[in-house]
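Residue numbers (the working numbering): 813 to 1159. We treat Cβ as the ideally placed atom computed from N, Cα and C, and that holds for glycine. Here the structure is a predicted model, which is why all the values come from computation and not from measurement.
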Ligand code: SF4
């Protein structure tokens, strides 16, 4: 185990919350964004964890709302010359790596991810150098530099399948950066996995005892858990999976109530998928602790309407993603491996 990074003691630079907009202001920015998207030949690519009004706007304007794997695929295949990526920075970088000819704009370049921040390239590279016999698999939630150091990139939707595949080939693995997801795939596959110790500040916060109490209050509810959550939370789940897999589980499970342990932004698409079901947030406070993120990623929350309009108007250093050409070349190899592997699973 690497002890170079300790998510328990790390203090993250939480961004300020965006200013609240009045109804008139919201209407103004929605109209403005629609106009700007047309004018710039741009399309919105939004993550499930952005605010519902951003997801609704992406849908209305012909864009997509998806997990990071599908965002990457959609963006690279769409004919628009500009992608407005509503999410966090690594998603914009991934879009640029896959579509270097396109202009990639983000509402803000300050939208980080604790997994990305917790896996700095120099330390990670030294860690990999200490284990040259291992295949390096990194989660999509990493910088372009970390991706370029890896053999494979993976998202949570295909993590178990990929590690199973590598294990069958007799490969030993370095997994980074999420320790909980790393432990989950290790348990699912029995593979030889050495984990980096990063954590998602949102999923890390779900509380076991509080969830047990909630289960007692709603005994007929199914518990849906993202595998970036601690193992004790995963152990209480009726379904474990990526964002897309959890939406599918909410639809197909027979339960009428769902306790959902992932960012509450997902409720927008989950409720669309099963309008007759009741969705309940899994607890992030309790056991003497108050919540820090309260089940909503503070960096995803930076993707407000005004910031999107600013991104489409101003471009420039505040909004446009650039990736160094050499890094791009290096990161493209494991990213393309992931996309080819994922396409093989579908077919
Ligand atoms: S929810 Fe967690 S994994 Fe997703 S962007 Fe926020 S910090 Fe990163």
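- If you ignore the 5 residues before and after residue 1093, its C-beta comes within less than 7 Å of the C-beta of 1072, 1076 and 1107, all in its own chain and listed in chain order.
- Secondary structure of residue 1014 (DSSP, three-state): coil.
- Per DSSP, residue 922 lies in no alpha helix (DSSP H) and is assigned neither H nor E.
- If you ignore the 5 residues before and after residue 1090, its C-beta comes within less than 6 Å of the C-beta of 1069, all in its own chain and listed in chain order.
- For residue 1037, the beta-bridge partners assigned by DSSP are 1052 and 1073.
- Residue 900 carries a coil assignment under DSSP once its states are collapsed to helix, strand and coil.
- Taking non-hydrogen atoms of ligand 1 into account, the C-beta of residue 1036 is found less than 6 Å away from none of them.
- Contact check for residue 1038 against residue 1067 fails: the beta carbons are separated by 7 Å or more.
- In the assembly as shown, residue 1134 is an exposed residue. Its beta-carbon has fewer than 16 other beta-carbons within 10 Å.
- Short note on residue 1047: C-beta not closer than 6 Å to any heavy atom of ligand 1.
- Cβ contact annotation for residue 849 (same chain, cutoff 6 Å, sequence separation greater than five): 873, in chain order.
- Each of 1145, 855, 826 and 883 was checked against the Cα of residue 1121, and the nearest Cα belongs to 855.
- In this structure, residue 1106 has its beta carbon at no less than 6 Å from each heavy atom of ligand 1.
- Relative to ligand 1, residue 866 has its C-beta separated by 6 Å or more from all heavy atoms.
- By the Cβ neighbour-count rule, residue 847 is exposed, with fewer than 16 other Cβ atoms within 10 Å of its own.
- When the Cα atoms are used, residue 830 and residue 1129 turn out to be separated by approximately 19 Å.
- Checking the 6 Å criterion, the Cβ of residue 1012 is within range of a heavy atom belonging to ligand 1.
- In the three-state reduction of the DSSP assignment, residue 951 falls in the strand class.
- When only Cα atoms are considered, residue 1052 and residue 1148 end up about 26 Å apart.
- In chain order, 1001 place their CB closer than 6 Å to the CB of residue 976, counting only its own chain and leaving out the 5 sequence neighbours on each side.
- The shortest C-alpha to C-alpha distance from residue 1058 to any of 1047, 1085 and 1043 is the one to 1085.
- In this model, residue 1131 and residue 918 are separated by some 5 Å (Cα to Cα).
- Within the same chain, 894 and 1124 come within 7 Å of residue 852 by CB-CB distance, once the 5 residues on both sides are set aside.
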